[in-house]
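What follows is a short report on a single structure.
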Amino acid sequence: MASCFGPVRAALIAACCLAAVACGGGGGGSTPPPPPPPTNNVVSVIVDEGPSNQSVNTLFTSVTVCVPGSTSSCQTIDHIQVDTGSYGLRLLAPVLTVALPVETLSSGNSLVQCAQFVDGFSWGPVALADVQIAGETAKSLPVQVIGDSRFATVPAACSGTGTAEDTVSSFGANGILGIGPFELDCGDCDTTTHGLYFACATATTCTDTTVPNAMQVPNPVTHFAADNNGSMIDLPAVAAGGAVTLSGSLIFGIDTQSNNQSGTQTVLTVDGSGELVMTFNGQTLANSFIDSGSNGIYFADSNIATCTTTGLTSFYCPGNTLTLGLSIQGQNGVMVNNLTFGVGNTQTMLNANPTFNVFPQLAGQLPAGNAGTFDYGLAFFYGKRVAVAVEGNTTSVGTGPYIAF
Amino acid sequence: MPIFRSGEIKITILLSAVLIAALGPRIAGATLGEPEITVQSDVAQLRASIKNSSDRASYRVHEIQLPGGTLLREFVAPGGNVFAVAWNGPTKPNLRQALGKYFDAMVSAPKPKFADRRHLQIQQGDLVVEGSGHMRAFSGRAYLASAVPSGVDLGDLH
Numbered sequence: 132m133a134s135c136f137g138p139v140r141a142a143l144i145a146a147c148c149l150a151a152v153a154c155g156g157g158g159g160g161s162t163p164p165p166p167p168p169p170t171n172n173v174v175s176v177i178v179d180e181g182p183s184n185q186s187v188n189t190l191f192t193s194v195t196v197c198v199p200g201s202t203s204s205c206q207t208i209d210h211i212q213v214d215t216g217s218y219g220l221r222l223l224a225p226v227l228t229v230a231l232p233v234e235t236l237s238s239g240n241s242l243v244q245c246a247q248f249v250d251g252f253s254w255g256p257v258a259l260a261d262v263q264i265a266g267e268t269a270k271s272l273p274v275q276v277i278g279d280s281r282f283a284t285v286p287a288a289c290s291g292t293g294t295a296e297d298t299v300s301s302f303g304a305n306g307i308l309g310i311g312p313f314e315l316d317c318g319d320c321d322t323t324t325h326g327l328y329f330a331c332a333t334a335t336t337c338t339d340t341t342v343p344n345a346m347q348v349p350n351p352v353t354h355f356a357a358d359n360n361g362s363m364i365d366l367p368a369v370a371a372g373g374a375v376t377l378s379g380s381l382i383f384g385i386d387t388q389s390n391n392q393s394g395t396q397t398v399l400t401v402d403g404s405g406e407l408v409m410t411f412n413g414q415t416l417a418n419s420f421i422d423s424g425s426n427g428i429y430f431a432d433s434n435i436a437t438c439t440t441t442g443l444t445s446f447y448c449p450g451n452t453l454t455l456g457l458s459i460q461g462q463n464g465v466m467v468n469n470l471t472f473g474v475g476n477t478q479t480m481l482n483a484n485p486t487f488n489v490f491p492q493l494a495g496q497l498p499a500g501n502a503g504t505f506d507y508g509l510a511f512f513y514g515k516r517v518a519v520a521v522e523g524n525t526t527s528v529g530t531g532p533y534i535a536f
Numbered sequence: 341m342p343i344f345r346s347g348e349i350k351i352t353i354l355l356s357a358v359l360i361a362a363l364g365p366r367i368a369g370a371t372l373g374e375p376e377i378t379v380q381s382d383v384a385q386l387r388a389s390i391k392n393s394s395d396r397a398s399y400r401v402h403e404i405q406l407p408g409g410t411l412l413r414e415f416v417a418p419g420g421n422v423f424a425v426a427w428n429g430p431t432k433p434n435l436r437q438a439l440g441k442y443f444d445a446m447v448s449a450p451k452p453k454f455a456d457r458r459h460l461q462i463q464q465g466d467l468v469v470e471g472s473g474h475m476r477a478f479s480g481r482a483y484l485a486s487a488v489p490s491g492v493d494l495g496d497l498h
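Quick mapping for you: the protein sequence lines, in order, are chains A and B. So the number in this note's numbering is just where the residue sits in the first sequence, counting from 1, plus 131. So the number in this note's numbering is just where the residue sits in the second sequence, counting from 1, plus 340.
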């Protein structure tokens with residue numbers, strides 16, 4: 132056989148190389164081989180009761196983590212919360228069966244994080260893992276291991292921020308997948324200490340530290356080999372009264388494959404905190420957000436009755452279901468008008484369907500001191516395909532950070 | 341470009357020191373439920389600086405700028421005690437410092453039904469703690485219900 136790389140005619144080169152490829156399959160027929168299949172960029176998601184059996188309007192998926200470089204020390208973990216209001220993959224140590232190596236700073240100290248949430252904090256080391264979700268992979272990705280017994284002592288600077296959430300029951304999930312519109316959970320932790328990252332010389336000697344961006348816990352999507360400019364959450368519509376569960380898809384990438392095209396989506400650019408301007412009840416609320424990690428629709432309206440049942444007093448219990456209007460404006464000036472949402476009577480909805488975990492009309496109060504916020508939670512995503520583009524990425528319809536639907 | 345002689349700098353520093361000493365009791369931050377004058381400790385403990393202090397109709401507000409960018413406001417009643425603290429910024433402040441002896445009550449409060457990671461709503465006796473937000477933007481407040489001066493709109497405590 133003539134060499135494919137010899138000085139032969141172009142037609143011969145083509146035929147020769149085609150034959151060489153075909154030979155790999157043992158065939159030799161005249162049909163060209165199909166192109167390599169695109170990366171599987173779709174993972175299923177579900178709204179259910181969660182591992183704490185108490186979740187409502189909380190979206191979960193599964194993630195596979197491996198010890199870096201290993202194909203055998205791997206584990207698939209279910210009920211990882213899908214959260215567009217945070218950044219980074221965080222796993223609860225009690226469910227983790229593989230030993231992930233802890234990241235070490237140039238000083239030789241271990242890197243440990245104090246992840247902050249409004250209702251508490253989660254303490255644990257930053258470890259490295261090969262992460263796989265659907266067919267997408269991120270090699271040696273910094274992830275947080277929450278409640279890791281290797282770093283059991285929480286420094287006062289971390290515990291002083293609130294209540295510990297380092298068990299599956301207190302966290303309400305086996306982990307969290309933060310895929311908001313930024314790469315990092317901190318804007319300037321490489322130059323300023325915030326009480327978020329700590330350098331630990333020993334398990335009990337930890338001090339607040341700056342940390343290079345590449346070592347921080349990032350939105351995993353930004354580290355995928357492909358489809359890394361954002362993601363889409365696609366959920367079906369649900370009846371006003373709710374449902375036991377709701378299943379849909381999390382699709383990685385925007386305009387990177389035939390199944391994640393932007394089409395005619397409306398782009399709302401978010402600010403440096405991931406926020407939008409919403410207009411509700413004649414008020415302009417400049418610190419508003421759309422967030423898959425919020426389990427209700429939260430806003431302040433003193434005209435709507437709140438529930439009287441103990442434990443539910445911050446949720447709304449109007450006499451009849453209300454239909455209210457809302458406008459949302461992006462930083463790019465684009466305005467979406469005439470949106471409506473329902474506010475049900477929380478107590479009535481719970482009484483009618485105590486086994487439901489999906490409540491599109493569950494709404495609650497924001498404290499009066501937060502009058503500048505409207506927090507539109509997972510209910511916003513029901514019946515929509517919502518894209519979240521990461522900062523700095525340009526798609527066919529805009530440049531991130533943005534939310535589009 | 342102005343050039344200062346060393347003597348002028350010394351005078352400026354001296355005047356600043358006198359000014360700070362004179363204003364000291366007024367510009368100090370404080371801890372919830374504690375007297376305003378006990379303070380300075382918040383500013384020192386939090387490695388912070390006073391951004392502004394202002395008198396409202398029925399209380400005084402100290403704005404403390406934390407080094408990470410978060411603003412902490414402390415509200416002082418006419419009687420001289422801090423009745424509320426509020427925060428807003430990219431990270432939460434050290435609430436053990438800001439809430440003082442009330443911190444343990446906040447931490448031990450039972451988790452409410454339908455809690456998520458974006459909201460905080462606690463009422464433990466006289467203590468009320470509320471918050472909302474997400475990574476990169478947190479806001480919240482804590483106040484002692486019985487210590488709020490009459491006529492104060494809770495909506496202004498932020």
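Note that CB positions come from ideal geometry on N, CA and C, so glycine has one too. This structure is a prediction, so every number in the text was calculated from the model and none was measured.
So what's residue i in DSSP terms, helix, strand or just coil?
i	result
T530/A	strand
R457/B	coil
A370/A	coil
N391/A	helix
K441/B	helix
R221/A	strand
L399/A	strand
V233/A	strand
V226/A	helix
F478/B	strand
P351/A	helix
S445/A	coil
C289/A	helix
A357/A	coil
L143/A	The predicted model places L143/A with a pLDDT of 39, which falls under 50 and marks its position as unreliable, so this point remains unresolved.
V465/A	coil
S193/A	strand
L494/B	helix
Return the Cβ separation of residue i and residue j in integer angstroms, given the expectation that the two are a contact with Cβ distance under 8 Å.
i	j	result
L231/A	I208/A	No, L231/A and I208/A are not in contact; Cβ-Cβ is about 12 Å, not under 8 Å.
L308/A	L220/A	6 Å
N172/A	G266/A	7 Å
T471/A	Y447/A	Not quite, the Cβ-Cβ distance comes to about 16 Å (not below 8 Å), so this is no contact.
T437/A	S445/A	7 Å
M480/A	L497/A	Actually they do not touch by this definition, with Cβ atoms about 20 Å apart.
Which one or two residues does DSSP pair with residue i in a beta bridge?
i	result
G473/A	T454/A
V517/A	I364/A
G560/A	Any question about residue 560/A goes unanswered here, given that chain A covers just 132 to 536.
E470/B	Q461/B and R481/B
F420/A	D506/A
R413/B	E403/B and A426/B
M480/A	Per DSSP, none; premise fails for M480/A.
A535/A	V398/A and A518/A
N426/A	Answer is none; N426/A lacks a bridge partner.
A265/A	Paired residues: none, contrary to the question.
Which chain A residues are close to residue i, counting only those with a beta carbon under 7 Å from its beta carbon?
i	result
A397/B	Neighbours of A397/B on chain A: none; closest Cβ ~18 Å, over 7 Å.
H459/B	V249, D250 and Y429
Mind listing the chain A neighbours of residue i? Cutoff is C-beta to C-beta under 8 Å, in chain order.
i	result
A485/B	Under the 8 Å cutoff, chain A gives no residues; its nearest Cβ is about 13 Å from A485/B.
T435/B	Correcting the residue type first, residue 435/B is Leu in the shown sequence and not Thr. The contacting residues are G291, T292 and G293.
G408/B	T323, T324, H325 and G326
F478/B	Q247 and V249
V425/B	Near V425/B there are no residues of chain A at all, since even the closest Cβ is about 11 Å away, more than 8 Å.
By the criterion of Cβ-Cβ separation under 9 Å, what are the contact partners of residue i in chain B?
i	result
P349/A	Per Cβ cutoff of 9 Å: no residues; P349/A is ~12 Å from chain B at best.
G405/A	H474, M475, R476 and A477
P449/A	Chain B residues near P449/A: none, gap ~17 Å exceeds 9 Å.
A510/A	Those do not exist, as A510/A stays about 12 Å from chain B at its closest Cβ, beyond 9 Å.
Applying a beta-carbon distance threshold of less than 9 Å, which residues of chain A neighbour residue i?
i	result
A455/B	Q185, D250, G303 and N426
K441/B	Within 9 Å Cβ-Cβ: nothing; K441/B doesn't reach chain A, min ~14 Å.
V447/B	G251, S290, G293, T294 and A295
Give the residues of chain B in contact with residue i, contact being defined as C-beta atoms less than 7 Å apart.
i	result
T504/A	S472
F420/A	H474
Using a beta-carbon distance below 8 Å, is residue i in contact with chain C?
i	result
V416/B	No chain C appears in the structure shown, which is made up of the protein chains A and B.
The stretch 475-489 of chain A contacting the stretch 417-425 of chain A, beta-carbon criterion three pairs below 8 Å: With a cut-off of 8 Å, the stretch 417-425 of chain A and the stretch 475-489 of chain A do not count as touching, because too few Cβ pairs lie within range.
The stretch 272-286 of chain A contacting the stretch 329-337 of chain A, beta-carbon criterion three pairs below 8 Å: The stretch 272-286 of chain A is in contact with the stretch 329-337 of chain A.
Cβ contact check for the stretch 362-381 of chain A and the stretch 431-446 of chain B: 3 or more pairs under 8 Å: Counting C-beta pairs with one atom in each stretch, the stretch 362-381 of chain A and the stretch 431-446 of chain B have fewer than three that are closer than 8 Å, which means they do not touch.
Stretch pair the stretch 269-277 of chain A + the stretch 163-178 of chain A: three plus CB contacts closer than 8 Å: Taking a cut-off of 8 Å on C-beta distances, the stretch 269-277 of chain A does not touch the stretch 163-178 of chain A, as fewer than three cross pairs fall below it.
Contact the stretch 243-251 of chain A vs the stretch 319-334 of chain A: 3+ CB pairs below 8 Å: The stretch 243-251 of chain A, when compared against the stretch 319-334 of chain A, does touch it at the 8 Å Cβ threshold.
Segment contact, 8 Å Cβ cut-off, at least three pairs: the stretch 417-429 of chain B with the stretch 456-473 of chain A: No: fewer than three Cβ pairs fall under 8 Å.
Cβ pair count under 8 Å reaching 3, the stretch 484-497 of chain B against the stretch 454-471 of chain B: Yes, the stretch 484-497 of chain B is in contact with the stretch 454-471 of chain B.
Segment contact, 8 Å Cβ cut-off, at least three pairs: the stretch 387-400 of chain A with the stretch 517-535 of chain A: The answer is yes - the stretch 517-535 of chain A touches the stretch 387-400 of chain A, with three or more Cβ pairs under 8 Å.
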